[in-house]
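For reference, the structure is listed below as C-alpha cells.
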Amino acid sequence: MRQKHSPDNPKVMDIKVYNTLLHGYASQGKLDNAKALLSFMEEDGVSFNAQTFAAIFECIEKSDIKQKSTVLEFYNQKMQEKGIMLNDLLDKTKFVYDQREVVLNAIRRLQPDFVPSYTPPVLDYDCPLLEKLKLSDTTNRKGLLTSPAEGLLSLEDMKKKGQIQLDMEINGEIEVQNIAAQDVETDSIKLYRTKLRETEQEWRTVIKEAFIRNLSTLKSQSNASHSAITLYPYLKVLEVDQFVELMMGEIYKLVDGSESYSPTLKLLQRSLGTQVYHKYQIEQYRRNGVLQKIEQIYEKYCEWYLHRQSVDGSEQPYNGRQVWQLLEHQNREGASLDLDETPWPMEMRQNIGKFLYNIIINDVKIDVNIFKAKDKQKKLPAVYKVHRPWGWLVRLELKPHPVVARLWAAAARPALRMRASLAPTLAPPAPWRHHTAGAYLVTDTPLIRLPFYVSNQMKRIEESPQHALYPVLDSLNQLGEVPWVINQPILDLQIKVFRWKQEAGYSISSVFTGRVPVFAAANYKRRLANQFARAPTLHSLWCDALYKLSLSNHYRDSMFWLPHNMDFRGRVYAVGPHVSALGADAARALLRLAQRRPLGPRGLRWLMLHAVNLTGTMKNNTLDERYEYAQSIMDKILDSADKPLDGEGWWQRSEEPWQTLACCMEIANAVRSPNPEGNMM
Numbered sequence: 001m002r003q004k005h006s007p008d009n010p011k012v013m014d015i016k017v018y019n020t021l022l023h024g025y026a027s028q029g030k031l032d033n034a035k036a037l038l039s040f041m042e043e044d045g046v047s048f049n050a051q052t053f054a055a056i057f058e059c060i061e062k063s064d065i066k067q068k069s070t071v072l073e074f075y076n077q078k079m080q081e082k083g084i085m086l087n088d089l090l091d092k093t094k095f096v097y098d099q100r101e102v103v104l105n106a107i108r109r110l111q112p113d114f115v116p117s118y119t120p121p122v123l124d125y126d127c128p129l130l131e132k133l134k135l136s137d138t139t140n141r142k143g144l145l146t147s148p149a150e151g152l153l154s155l156e157d158m159k160k161k162g163q164i165q166l167d168m169e170i171n172g173e174i175e176v177q178n179i180a181a182q183d184v185e186t187d188s189i190k191l192y193r194t195k196l197r198e199t200e201q202e203w204r205t206v207i208k209e210a211f212i213r214n215l216s217t218l219k220s221q222s223n224a225s226h227s228a229i230t231l232y233p234y235l236k237v238l239e240v241d242q243f244v245e246l247m248m249g250e251i252y253k254l255v256d257g258s259e260s261y262s263p264t265l266k267l268l269q270r271s272l273g274t275q276v277y278h279k280y281q282i283e284q285y286r287r288n289g290v291l292q293k294i295e296q297i298y299e300k301y302c303e304w305y306l307h308r309q310s311v312d313g314s315e316q317p318y319n320g321r322q323v324w325q326l327l328e329h330q331n332r333e334g335a336s337l338d339l340d341e342t343p344w345p346m347e348m349r350q351n352i353g354k355f356l357y358n359i360i361i362n363d364v365k366i367d368v369n370i371f372k373a374k375d376k377q378k379k380l381p382a383v384y385k386v387h388r389p390w391g392w393l394v395r396l397e398l399k400p401h402p403v404v405a406r407l408w409a410a411a412a413r414p415a416l417r418m419r420a421s422l423a424p425t426l427a428p429p430a431p432w433r434h435h436t437a438g439a440y441l442v443t444d445t446p447l448i449r450l451p452f453y454v455s456n457q458m459k460r461i462e463e464s465p466q467h468a469l470y471p472v473l474d475s476l477n478q479l480g481e482v483p484w485v486i487n488q489p490i491l492d493l494q495i496k497v498f499r500w501k502q503e504a505g506y507s508i509s510s511v512f513t514g515r516v517p518v519f520a521a522a523n524y525k526r527r528l529a530n531q532f533a534r535a536p537t538l539h540s541l542w543c544d545a546l547y548k549l550s551l552s553n554h555y556r557d558s559m560f561w562l563p564h565n566m567d568f569r570g571r572v573y574a575v576g577p578h579v580s581a582l583g584a585d586a587a588r589a590l591l592r593l594a595q596r597r598p599l600g601p602r603g604l605r606w607l608m609l610h611a612v613n614l615t616g617t618m619k620n621n622t623l624d625e626r627y628e629y630a631q632s633i634m635d636k637i638l639d640s641a642d643k644p645l646d647g648e649g650w651w652q653r654s655e656e657p658w659q660t661l662a663c664c665m666e667i668a669n670a671v672r673s674p675n676p677e678g679n680m681m
C-alpha cells in the first residue's frame, strides 16, 4: 500500500480498507502499527470516521501501554475536532466479536458513567400511497395483531422448529426420502448399494488427495507470482473435508440431472464457487458472534410472531419487518447484524469453481467393468465434457459416465440430497428488512432474481434510501408469513401415479424405460426415432416430478413457510422452486393453507364455482349458469373425489386436473358434513 503510486498500484482511498486493517491491529493490541497506519491515512488525505476511532479505542484498550487514559484523551480531542462524539463510536459503527464491549470499556475510562444512546430505526413508510397504513393510523393495521399461525402450534414447538431450520441452513443441505426407491431392499439392491458406498468412499479419498496436491502446487505458484490477488487464500477458508463434500454434492447433482442437458460448465463452476463463499460466510458468522446474535433475535421474533405481544410496550400493531428492526435496536450489545460485507468477486468464485471442477473431471474415476464380476478393473473419468448444440451455438456441458448413472439407478438410493436454500422453511422466514437481509436466516438470498452480470439495477437498489424499499419488502414478508401444509390425499395419489409410470393423462411424468412398442413396419423407423427423441424430455420431467414429490413427502406431516423474492419485473415467487403455490397444476394442488376456516353461508357455492372455473369450459357463462352446471354434475364431482383413478374421471378432462380433483374432495367433505357451513377447509 505504501509502494510508489502508479496505474498498477493506485492510491488506496477507501476508508473501509483502512478500518479493516485497524481492527486487525486492534484485535492484537498493536498500537504502534495502528498509529503508523493513521499517519499514512493523513498523508494520503483519507478522512477519519467514527469506525476509525472506534478501532483506535479498541486497540488502546487491548494494548499493554500503561497510560491508556492519556492516550484515549488525546484521540478523543482529535475526534471532537472532526465533529465525532464519544456516543458516535457505538451508535454509528458496526462491530464483531467483543469489539463493542471493549470500546465501551475504553470510553468509560474517560467517562465512568457513560451510557450509550442509540438512534432508533426508521420504521414507517415514506410513500403517499400508503398514508393509511402508517403507524399513526392503527385502524387499518389491526389485522397485524392476529398471528397467521394462531392456535396451530405452541411456542416451544416453534422454537424447536426454528432451531432445526437454523441447523439445516448451516449444514447447507437436507436429505429427503426418495419416493422412487423400492420399499423392499432386495439382494440385488443391497449389492449395488454396497458398491455405491465403496465407490463414494473411494471418490472422497481421491478428491481429498487431489485437493491437497493441487493446493500445494497452487501455493508454490502463488509465492512465485507477483500478482496482487491469488486463488490460494480463498481455498484455505474452509476445512479440506468441507471442500470434499461440496465436490461430492456436485457429482450427485450431475448424476441426478438430465441425460440430455446440464447447465454449462461455466455456470456449474460459478455455482460451486458461490457455495464455497456461502460456507465461508456461515463460518465467519459463527466465529464473529453474528450467528449467536441471529439466534437470540430470531427466538424473540418467533415469540412475537406466535403471540403478537408488544415488543416495546406501546401496543402498536407492528409488522414483521418493524418488529425485527426494533429487536435489533433493543439488543445492540455484541455483534452487529448489518455488517458491511464485501462479496467475493464473481470472477474469483468462477476460478474457485474451476479449480474444484478440474479435480472432479480429472481425478474422479469409475470402474466401467463394475457390473462384470470376472473382468479386470478399468478406470475411466466418472464425469466428462460434452459439446451440445444450443440454437446457433455450441455449449460446453458435463455428463456423468453411463456406468455411473446405471450404478445410481441400480442402487435405488433411499435418500436424495437437496440444497437447503431450495426448500421451504420449518419456521417463519426472517422478514426482509434490507435488500441483502431477509428470507432465510443465514443463507444469502437475493431480493431480486438477476443474472450476475446485471449491475445497474442492483446499483440503483443499493443507492436508494432504505425506507423507500419498505413497501416492497413488507409485501414479500406478508406472503412469507403464511403457514402451509401438504394436501396429503393429493400427494398420496400423485405418488401412486408416479410409481405406476403412467404419465399419459395425469400430468405426472414417468421415466422412459427404453422399451419401444411394436409399430407397423411402414412407419417403424419414424416412430422409433420419435420414441427415443422423447426419452431425454421424459427423463427431465421425471426428475422434476421426483424432486417435487420427494420434498413434498418430506414435509407431509409438517407445517412450513415459503420465503418469497421477486424478479426484475416485480413478480413474486417462492424462493424454492420445488414446493410453491405458483407452480404448475400438480404442484399447486399439493398445497393447502395451514390455518383452516369454516366455509360459511356461501362458501360451498364459491367452492363449486371454483371447481367449474378450473375446468376452463364455461369462461363465457355467468356465475349463476356455472353454479347450476356444478349442481347438475354433482354425481361426477363426488365420483371424482371417491374414485379418482377408477371412476368416470371427470376431473381428468379439466384444464387444471389436479386442482380440480382437490376441489372435488373439498366439496365432497362439505356436502357430506352434517353442517356444511361449519366445515373447515
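Each step along the sequence shown adds one to the number in UniProt numbering, with nothing skipped, and position 511 is 511.
Beta carbons are placed, not taken as given, at the ideal position from N, Cα and C, and that holds for glycine.
For residue i versus residue j, is the C-beta distance shorter than 8 Å?
i      : j      : result
Gly29  : Cys59  : yes
Thr443 : His278 : yes
Ala668 : Asp635 : no
Leu623 : Met681 : no
Phe568 : Leu447 : no
Leu426 : Gln177 : no
Ala589 : Ile486 : no
Leu89  : Ala34  : no
Ala411 : Ile207 : no
Gly257 : Tyr97  : no
Thr445 : Val244 : no
Ile251 : Val403 : no
Val383 : Ile361 : yes
Gly647 : Ser640 : yes
Lys160 : Glu299 : no
Can you look up residue i in the DSSP assignment and give me helix, strand or coil?
i      : result
Gly29  : coil
His564 : strand
Gly24  : helix
Leu264 : The question names Leu, but residue 264 is Thr in the sequence shown. Reduced to three states, the DSSP call for Thr264 is strand.
Trp484 : strand
Pro471 : helix
Lys379 : strand
Tyr232 : helix
Pro446 : coil
Asp367 : strand
Phe512 : Interpretation of Phe512 is limited by its pLDDT of 37, a score under 50 that renders its predicted location unreliable; no figure is taken from the coordinates.
Leu133 : helix
Leu546 : helix
Phe519 : In this prediction, Phe519 scores a pLDDT of 49, lower than 50, which makes its location untrustworthy; the coordinate-derived value is nonetheless stated afterwards. Coil.
Tyr18  : helix
Could you pull the start and end residues of the beta strand (DSSP E) that residue i belongs to?
i           : result
Gln350      : No beta strand (DSSP E) contains Gln350, which is instead part of the alpha helix (DSSP H) from Met346 to Asp363.
Glu173      : Glu173 to Gln177
Pro400      : Leu393 to Pro400
His307      : No beta strand (DSSP E) contains His307, which is instead part of the alpha helix (DSSP H) from Val290 to His307.
Tyr573      : Val572 to Ala574
residue 684 : Outside the displayed range of the chain (1 to 681) lies residue 684, so it cannot be described from this structure.
Met559      : Segment: none, Met559 is in no beta strand (DSSP E) and carries neither H nor E.
Ala430      : Ala430 to His434
Leu593      : Leu591 to Leu593
Assuming residue i and residue j are in contact, meaning their beta carbons sit under 8 Å apart, how far apart are those beta carbons, in whole angstroms?
i           : j      : result
residue 685 : Trp561 : With the chain running from 1 to 681 in the structure shown, residue 685 is simply not present.
Glu73       : Leu110 : 6 Å
Leu327      : Tyr301 : 6 Å
Pro317      : Arg141 : 4 Å
Leu422      : His578 : 6 Å
Leu153      : Met559 : 7 Å
Along the chain, where does the alpha helix (DSSP H) containing residue i start, and where does it finish?
i      : result
Ala630 : Leu623 to Ser632
Pro389 : Unbroken run through Pro389 is the beta strand (DSSP E), Val383 to Trp390; no alpha helix (DSSP H).
Trp651 : Looking at the DSSP string, Trp651 is not in any alpha helix (DSSP H), and its letter there is neither H nor E.
Met248 : Val240 to Asp256
Leu196 : Asp187 to Ala224
Are any of the Cβ atoms in chain E nearer than 8 Å to that of residue i?
i     : result
Asn19 : No chain E is part of this structure, which consists of one protein chain only.
> Is there contact here, the stretch 21 to 28 with the stretch 52 to 72, by at least three beta-carbon pairs under 8 Å?
Replying inline: Contact holds: three or more Cβ-Cβ distances are below 8 Å.
> Is the number of C-beta pairs between the stretch 328 to 339 and the stretch 350 to 361 that are closer than 8 Å three or more?
Replying inline: Because the criterion of three Cβ pairs below 8 Å is not met, the stretch 328 to 339 and the stretch 350 to 361 do not touch.
> Does the stretch 470 to 487 come within contact of the stretch 604 to 622, defined as at least 3 CB pairs closer than 8 Å?
Replying inline: Between the stretch 470 to 487 and the stretch 604 to 622, the count of Cβ pairs shorter than 8 Å is below three; the stretches do not touch.
> Taking one C-beta from the stretch 581 to 597 and one from the stretch 145 to 153 each time, how about it: are there three or more such pairs within less than 8 Å?
Replying inline: Counting Cβ pairs under 8 Å, three or more are found: they touch.
>> For the pair the stretch 341 to 350 and the stretch 261 to 281, tell me if three or more CB-CB distances fall below 8 Å.
In response: The answer is yes - the stretch 261 to 281 touches the stretch 341 to 350, with three or more Cβ pairs under 8 Å.
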